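This is how it looks when you write it as structure tokens:
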């Protein structure tokens, strides 16, 4: 029992440490607004589609690893994979165009939000990967609402801080 408790505690500590370091990384990240705006519409769709596919695959793999390696989360064989508790904690991205599921046009709603966000030149320092992280269903906003949120200073996510030039995006509207 002690070994299982130690194993679970170790996992939680490692997960929180990885999350903390990932959200507070130093140095510039690739994929800023200028690069996004130079892409064709198709390249933008491919990026968003790949991001959504990668996020889904990565979180599914994490859930499988948890199920296989953490004793407390092991489920009976009768539980369907879609009912696994881990699945309910992963970010959902369901704002894609379902009528275009088999094409890259599925990504158009996300592409449009990033396009709209980068219309504000002072926010082009924001990496588009950081924007995508916050377009999950729980945080989904229009480009203007997202822009206002960042300008307000209430975007306290680690992924929206620490980038060179980002202070221009936060600007005068930022709460002190």
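In full-length UniProt numbering, the protein residues as written are 1 to 176.
Note that beta-carbon positions come from the ideal geometry of N, C-alpha and C, so glycine has one too.
These figures come from a predicted structure and were not determined experimentally.
C-beta atoms of residue i and residue j nearer than 7 Å
i: residue 166; j: residue 143; result: no
i: residue 124; j: residue 34; result: yes
i: residue 149; j: residue 110; result: no
i: residue 36; j: residue 128; result: yes
Of the residues the options, the one placed nearest residue i, counting alpha carbons only
i: residue 145; options: 44, 48, 116 and 54; result: 116
i: residue 138; options: 36, 107, 111 and 92; result: 92
i: residue 53; options: 149, 106 and 38; result: 106
i: residue 46; options: 95, 63, 141 and 108; result: 108
i: residue 126; options: 170, 38, 39 and 141; result: 170
i: residue 141; options: 121, 164, 95 and 168; result: 95
i: residue 39; options: 118, 147, 153 and 168; result: 118
i: residue 121; options: 154, 164, 55 and 168; result: 168
Buried or exposed (CB count within 10 angstroms, at least 16 for buried), residue i
i: residue 132; result: buried
i: residue 130; result: buried
i: residue 50; result: exposed
i: residue 42; result: exposed
i: residue 27; result: Any reading at residue 27 needs caution, since the residue's pLDDT is 49, under 50, leaving its predicted position unreliable; the model's value is listed next. Answer is exposed; the Cβ neighbour count stays below 16.
At 4 residues or longer, what runs of the alpha helix (DSSP H) sit wholly inside the segment 93-158? Annotation note: the segment 93-158 contains the following uninterrupted alpha helix (DSSP H) runs of length 4 or greater, listed N- to C-terminal: 108-117, 128-133 and 143-152.
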